[in-house]
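Visitor: Order-wise, the sequence lines are chains A and B.
With the UniProt record's numbering applied, the first sequence corresponds to residues 1 to 243, in that order.
With the UniProt record's numbering applied, the second sequence corresponds to residues 1 to 243, in that order.
2 protein chains.
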Amino acid sequence: MALSTTRQRGSRLLHASTMQEIKDLILRKGLRPGDAIPTETELCEILNVSRSSVREAIRTLAALDIVEVRHGTGTFVGKMSLQPMIDSIVFRGAMAQDSGLQVLREIVDVRHRLDVSIGPSLVQVMKGKRHDDIWRVVTEMNEKAENGEVFADEDRAFHVMLGEPLNSELMTQLVEAFWKIHMVTAPMLGVPTPEDIVITARSHGDMLQAAEDGDLAAYLSAVAQHYKPIIRNIERVASAQQR
Amino acid sequence: MALSTTRQRGSRLLHASTMQEIKDLILRKGLRPGDAIPTETELCEILNVSRSSVREAIRTLAALDIVEVRHGTGTFVGKMSLQPMIDSIVFRGAMAQDSGLQVLREIVDVRHRLDVSIGPSLVQVMKGKRHDDIWRVVTEMNEKAENGEVFADEDRAFHVMLGEPLNSELMTQLVEAFWKIHMVTAPMLGVPTPEDIVITARSHGDMLQAAEDGDLAAYLSAVAQHYKPIIRNIERVASAQQR
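#1: If I measure Cβ to Cβ from L43 (chain B) and keep anything under 6 angstroms in the same chain, skipping five residues before and after, which residues do I get?
#2: Where does R202 (chain B) sit, in a helix, a strand or coil, going by DSSP?
#3: So, with DSSP's three-state summary, where would you put G74 (chain B)?
#4: Do the segment 128–135 of chain B and the segment 56–72 of chain A make contact, defined as three or more Cβ pairs closer than 8 angstroms?
#5: Hey, how far is the Cα of V77 (chain B) from the Cα of L174 (chain A)?
#6: Check V108 (chain B) in the structure and name its three-state DSSP category.
#7: Quick one: list the residues of chain A neighbouring R51 (chain B), beta-carbon separation under 8 angstroms, in chain order.
#8: What are the residues of the segment 232–243 of chain A that lie near chain B, defined by any Cβ-Cβ distance shorter than 9 angstroms?
#9: Figure out for me which residue from A:S81, A:E40, A:R105 and A:T139 has the closest Cα to the Cα of A57 (chain A).
#10: So, for N233 (chain B): in the same chain, excluding its five sequence neighbours on each side, which residues have a beta-carbon less than 7 angstroms away from its beta-carbon?
#11: Report yes if the C-beta distance between L27 (chain A) and A94 (chain B) is below 8 angstroms; otherwise report no.
#12: Does R28 (chain A) get closer than 8 angstroms to chain E when you measure Cβ to Cβ?
#13: Going by CA-CA distance only, name the one from A:G163, A:G205, A:D109 and A:L189 that's closest to R136 (chain A).
#14: What does a CB cutoff of less than 6 angstroms around I89 (chain A) pick up in its chain, not counting 5 residues either side in sequence?
#15: Can you name the residues of chain A whose CB is closer than 8 angstroms to the CB of R113 (chain B)?
#16: Considering G93 (chain B), what are the terminal residues of the alpha helix (DSSP H) in which it resides?
#17: Using the Cα positions of T200 (chain B) and E176 (chain B), report the straight-line distance between them to the nearest angstrom.
#18: Where F158 (chain B) and E149 (chain A) are concerned, what is the direct C-alpha to C-alpha distance, given to the nearest angstrom?
#19: Measuring from the CB of A186 (chain A), is there a heavy atom of the ligand GDP at a distance below 7 angstroms?
#20: Would you say H204 (chain A) faces chain B, with C-beta separation under 8 angstroms as the test?
#21: Compute the Euclidean distance between the alpha carbons of T139 (chain B) and P120 (chain B), then round it to the nearest angstrom.
#22: Does the beta carbon of M85 (chain B) sit closer than 8 angstroms to a beta carbon anywhere in chain A?
#23: Using a Cβ cut-off of 8 angstroms, pull out every chain A residue sitting near D65 (chain B), in sequence order please.
#24: I need the DSSP call for M1 (chain A), collapsed to helix, strand or coil.
#25: Just checking: is the beta-carbon of R59 (chain B) within a distance shorter than 8 angstroms of some beta-carbon in chain A?
#26: For the alpha helix (DSSP H) that L220 (chain B) lies in, which residues bound it at each end?
#27: Among A:L189, A:Q209 and A:D196, which one has its Cα closest to the Cα of Q241 (chain A)?
#28: Distance, Cα to Cα, residue 244 (chain A) vs V184 (chain B)?
#29: Comparing alpha-carbon positions, which option in B:K228, B:D213, B:A210 and B:P187 lies nearest V198 (chain B)?
#30: Answer with buried or exposed for G100 (chain B), where buried requires no fewer than 16 other C-beta atoms within 10 angstroms of its C-beta.
#31: If I measure Cβ to Cβ from E164 (chain A) and keep anything under 7 angstroms in the same chain, skipping five residues before and after, which residues do I get?
#32: How many Å lie between V237 (chain B) and K144 (chain B) at the Cα?
#33: For V166 (chain A), which of B:M207, B:V116 and B:V110 has the nearest alpha-carbon?
#34: Measuring only the C-alpha atoms, how far is L14 (chain B) from L61 (chain A)?
#35: Per DSSP, E68 (chain B) is paired with what?
#36: Rounded to the nearest angstrom, what separates E154 (chain B) and A186 (chain B) at their Cα positions?
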């Protein structure tokens, strides 16, 4: 037993160090997202480890989105991705059971805060300009809402596009990541999409209009309006559970 | 070659599904963070896969912080952790080379926005109360700064403690995660700690005082003051690189 534990520990350490060495190699070679990394055979030689160690390290790096394995083509440096964070938070929401709604509250709260945090820059950058591409999304959203259809694609497009004038890939990814986390977690916990989707759809237009008017106060109040039906639904499910 | 590719693809799919089945098992059994998960032998039987598949899936789940392997004790459900996201963003900062400073700008921008986003709630929750524990950290920070010492531990403690009155574990983790990302990425890109650390130290006190005064405008201006020396240093390194 002691021997087996030692062997396992050694193999675990080797795994972590093989992963780290592949990451270092990517940096040392100056590879960029989308560039091919050396083949398994080459990595075995360069790092002086077995093929199974290389293969296992690559699998873990793929799970972390550090590399991307393309079928029959090879392995490439991955694009920056917050997918592992998304999976982790969604998993916590599923695991939390009784406290799952608290996790969802915190997720919606983070989304709300991110929208608030981009407000001052948005009104500055968007003021006095007309953003036809985002307005088109708002129009589609409102049409769907009035027909009683959900508008997840338009919703996601809206929130991503709204952040784009900030020119921060990281901020855009964070906004999109928490959008995804919210969309997966809410139905998992039995929290329905707000029935008053017409109100929610309209609040998107209000956010955009306020930004183009350069009116921060109006933007912040439209953001609050946007999250109100969602928060109301969470509280409704929470009080139903307590009964 | 075609055969080998097919075999590898099969094994990759098996890996992903073994991981997913272990996650499902944790949810189905209602396990919570810190609870032990079944042993390797038990998992082989339950999932009907080989020991090496189980071991590899566990290693990847450990890299994702979904489970925690404790030497000689067993494997446990992990605490929610944004560490995989931290590693991923730090790695992108290191990889970006010429655009590394842009990644760092975006990281500091996210930190700034997170501090702004908690402002309205903070002034509401903290108004009229004295937070001796946070003041103690501010005092230590200022003493160190005046002696020309860096104060990373106090800095981290301050930013984490400031978010605690919000009672959102997720928000606290996000703030701490971007603090870590910043602290690792800046020296990697040759961006030094601001020389005017006395000013930076003092701005922490200003943030806390403003929150306790319930003065949002003063809080926001102290936050801006806090990030100014950092942004100045990034721009200094950027313009030195262009020469």
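Every residue gets a Cβ at the ideal spot worked out from N, C-alpha and C, and that includes glycine.
A quick note: this is a predicted structure, and the numbers were derived from the prediction, not measured.
Guide: This is what the structure gives:
#1: Counted from its first residue, the second sequence places residue 43 (chain B) at position 43. Excluding positions up to five away in sequence, the list reads V54.
#2: On the second sequence, position 202 is the one that residue 202 (chain B) refers to. Helix at R202 (chain B).
#3: Taking the second sequence and counting its residues from 1, one reaches residue 74 (chain B) at position 74. Note: G74 (chain B) maps to strand in three-state DSSP.
#4: no
#5: Here the question's residue 77 (chain B) lines up with position 77 in the second sequence. Here the question's residue 174 (chain A) lines up with position 174 in the first sequence. One C-alpha to the other measures close to 26 angstroms.
#6: What you label residue 108 (chain B) is simply residue 108 of the second sequence in a count that begins at 1. The answer is helix: DSSP assigns V108 (chain B) an H, G or I state.
#7: For the purposes of this step, residue 51 (chain B) is taken as the residue at position 51 of the second sequence. Going along chain A, no residue has its Cβ under 8 angstroms from R51 (chain B), so there is no contact; the nearest lies around 11 angstroms.
#8: Here the close residues number zero.
#9: On the first sequence, position 57 is the one that residue 57 (chain A) refers to. Closest by alpha carbon: A:E40.
#10: Along the second sequence, read from residue 1 onward, the residue named residue 233 (chain B) stands at position 233. Hits under 7 angstroms: V191, P192 and P194.
#11: Position 27 of the first sequence, counted from the start, is the residue given in the question as residue 27 (chain A). Position 94 of the second sequence, counted from the start, is the residue given in the question as residue 94 (chain B). For L27 (chain A) and A94 (chain B), yes; Cβs fall inside 8 angstroms.
#12: Among the protein chains in the structure shown, which are A and B, there is no chain E.
#13: Position 136 of the first sequence, counting from 1, holds the residue named residue 136 (chain A). It is A:G205.
#14: Reading the first sequence from its first residue, position 89 is the one you call residue 89 (chain A). Closer than 6 angstroms at the Cβ level, and outside the excluded window around I89 (chain A), lie I181.
#15: Taking the first residue of the second sequence as position 1, residue 113 (chain B) is located at position 113. Within chain A, the residues near R113 (chain B) are L114, S117, I118 and M171.
#16: The residue labelled residue 93 (chain B) in the question sits at position 93 within the second sequence. Start and end: Q83 to M95.
#17: Translated into positions along the second sequence, residue 200 (chain B) becomes position 200. Translated into positions along the second sequence, residue 176 (chain B) becomes position 176. T200 (chain B) and E176 (chain B): Cα-Cα distance of roughly 18 angstroms.
#18: What you label residue 158 (chain B) is simply residue 158 of the second sequence in a count that begins at 1. What you label residue 149 (chain A) is simply residue 149 of the first sequence in a count that begins at 1. Cα to Cα, F158 (chain B) sits roughly 46 angstroms from E149 (chain A).
#19: By its list of ligands, the structure shown contains no ligand whatsoever, and the ligand GDP lies outside what it can speak to.
#20: Within the first sequence, numbered from 1, the residue matching residue 204 (chain A) stands at position 204. It does not: the Cβ of H204 (chain A) has no partner Cβ on chain B nearer than 8 angstroms.
#21: Position 139 of the second sequence holds residue 139 (chain B). Position 120 of the second sequence holds residue 120 (chain B). Cα to Cα, T139 (chain B) sits roughly 25 angstroms from P120 (chain B).
#22: Taking the first residue of the second sequence as 1, we reach residue 85 (chain B) at position 85. So, interface residue.
#23: Position 65 of the second sequence holds residue 65 (chain B). Simply S88.
#24: Along the first sequence, one-based indexing puts residue 1 (chain A) at 1. Interpretation of M1 (chain A) is limited by its pLDDT of 38, a score under 50 that renders its predicted location unreliable; the figure taken from the coordinates is listed afterwards. M1 (chain A): coil per DSSP, three-state reduction.
#25: Residue mapping note: residue 59 (chain B) aligns to position 59 of the second sequence, counting from 1. Yes, its Cβ sits closer than 8 angstroms to a Cβ of chain A.
#26: Position 220 of the second sequence, counted from the first residue, corresponds to residue 220 (chain B). Element bounds for L220 (chain B): L216 to Q242.
#27: Here residue 241 (chain A) refers to the residue found at position 241 of the first sequence. The residue with the shortest Cα to Cα distance from Q241 (chain A) is A:L189.
#28: Here chain A comprises residues numbered 1 to 243, so residue 244 (chain A) is not present and cannot be evaluated.
#29: Position 198 of the second sequence, counting from 1, holds the residue named residue 198 (chain B). Nearest of B:K228, B:D213, B:A210 and B:P187 to V198 (chain B), Cα basis: B:K228.
#30: One-based indexing of the second sequence puts residue 100 (chain B) at position 100. The residue in question, G100 (chain B), is buried, as its Cβ has 16 or more Cβ neighbours within 10 Å.
#31: Position 164 of the first sequence, counting from 1, holds the residue named residue 164 (chain A). Counting only Cβ-Cβ distances below 7 angstroms, and skipping sequence neighbours, we find T172.
#32: Start at 1 with the first residue of the second sequence, and residue 237 (chain B) comes out as number 237. Start at 1 with the first residue of the second sequence, and residue 144 (chain B) comes out as number 144. Rounded to whole angstroms, the separation of the alpha carbons of K144 (chain B) and V237 (chain B) is 26 angstroms.
#33: Position 166 of the first sequence, counted from the first residue, corresponds to residue 166 (chain A). Checking the sequence, you will find Leu at residue 166 (chain A) rather than Val. Of B:M207, B:V116 and B:V110, the residue nearest in Cα terms is B:V110.
#34: In the second sequence, counting from the first residue as 1, residue 14 (chain B) sits at position 14. In the first sequence, counting from the first residue as 1, residue 61 (chain A) sits at position 61. Approximately 16 angstroms, taken between the alpha carbons.
#35: Looking up residue 68 (chain B) in the second sequence gives position 68. Partner(s): B:F76.
#36: The sequence position of residue 154 (chain B) within the second sequence is 154, counting from 1. The sequence position of residue 186 (chain B) within the second sequence is 186, counting from 1. The alpha-carbon atoms of E154 (chain B) and A186 (chain B) are separated by roughly 18 angstroms.
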